[in-house]
Amino acid sequence: MPGEADPAFVAAMEDVLEVYKRPFHAHCPVVCMDEMPKQLIDEIRPQVPMKPGRPKRQDYEYVRKGTAAVFMFFSPTHNWRQVRVHERRTGVDWAHEIKTLIDQDFPDADKIVLVMDNLNTHRIASLYATFPAKEARRLASKLEIHYTPKHGSWLNMAEMELSVLHRQAMKDRIPTLTLLCQRAEHWTRQRNDAKMTIDWQFTTDDARIKLKKLYPSL
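Sequence positions in the sequence shown follow the working numbering and run 15 to 232.
Printed below as a string of structure tokens:
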């Protein structure tokens, strides 16, 4: 977060906070999107399982097995999340995720209100670099995009869900992409079935008081 007045930060922050105030609309879901890298790591020596009076023991040495990208989509209005794993986190991967979001996750939506970090891969241009122009335009027309400000990823609810995912299902060493996918699918199913959600309380009025130093003095 910036340490001094930043009108661009304030404008983007208030834009996202206003999105979070919107009421439920069955055909216009608010969806937060984020992604994180995950290093695939295997053991060199087998772990010693936990026994009564003795914790699980793990050798400090390990072998790297590559990396993966974990994509998180979370809808606070629909109390729904989806996690999918890719080998990379490129604009093409993002474009395919957006197509899946539109055509499979929310096929009946008139418009998807998409909140995400302002990365260079998170662009309508990525759709045109991946699909024919007619298809890219169709997908783009389904989106209403709101970017979180630079240094403001804490405003993205999908980042919170990724943090929970990491702590609950991906904190230990995972050696293969297949196992990582299985962990993600199991966690997603359990969390959706339990109807877990985020009780977002921070509002624009709160921001104007607690983050007053970020607002220009006029």
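No residue lacks a Cβ here, since even glycine has one placed at the ideal position from N, Cα and C.
Practice problem: Look at the alpha carbon of tyrosine 161 and the alpha carbon of aspartate 220, and state the distance between them as a whole number of angstroms. | Solution: Their backbone Cα atoms lie some 20 Å apart in a straight line.
Quiz item: CB phenylalanine 145 to CB lysine 125, shorter than 9 Å?
Solution: No, the Cβ-Cβ distance between phenylalanine 145 and lysine 125 is not below 9 Å.
Practice problem: Just the C-alpha distance for phenylalanine 87 and cysteine 46, rounded to the nearest angstrom, thanks. | Solution: 6 Å
Quiz item: For arginine 98, does the count of other Cβ atoms within 10 angstroms reach 16, so buried, or fall short, so exposed?
Solution: buried
Quiz item: Where methionine 210 and asparagine 93 are concerned, what is the direct C-alpha to C-alpha distance, given to the nearest angstrom?
Solution: 7 Å
Quiz item: Does DSSP classify histidine 165 as helix, strand or coil?
Solution: Coil, per DSSP.
Quiz item: Three-state secondary structure (DSSP) at proline 51?
Solution: strand
Quiz prompt | Through-space distance from valine 84 to valine 44, alpha-carbon basis | solution = 20 Å
Quiz item: Once you ignore the five residues that flank leucine 157 on each side, which residues in its own chain have a CB closer than 7 Å to its CB?
Solution: Close CB contacts of leucine 157 within its chain, under the 7 Å cut and outside five residues either way in sequence, are with Ile126 and Leu128 (chain order).
Quiz item: Are proline 189 and lysine 79 touching if we call contact CB-CB under 9 Å?
Solution: yes
Quiz item: Going by C-alpha distance, which of Trp108, Phe120, Pro90 and Glu175 is nearest alanine 139?
Solution: Trp108
Quiz item: What residues in its chain sit with their C-beta under 7 Å from that of methionine 132, if we drop five residues either side in the sequence?
Solution: The sequence shown places asparagine at residue 132, rather than the methionine named in the question. Result list for asparagine 132: Tyr161, Thr162 and Lys164, in chain order.
Exercise. Determine the extent of the alpha helix (DSSP H) in which leucine 128 is found, giving its start and end residues.
Key: Per DSSP, leucine 128 belongs to no alpha helix (DSSP H); it is in the beta strand (DSSP E), 126-130.
Quiz item: For the beta strand (DSSP E) that contains tryptophan 214, what are its first and last residues?
Solution: Here tryptophan 214 belongs to no beta strand (DSSP E), and DSSP marks it neither H nor E.
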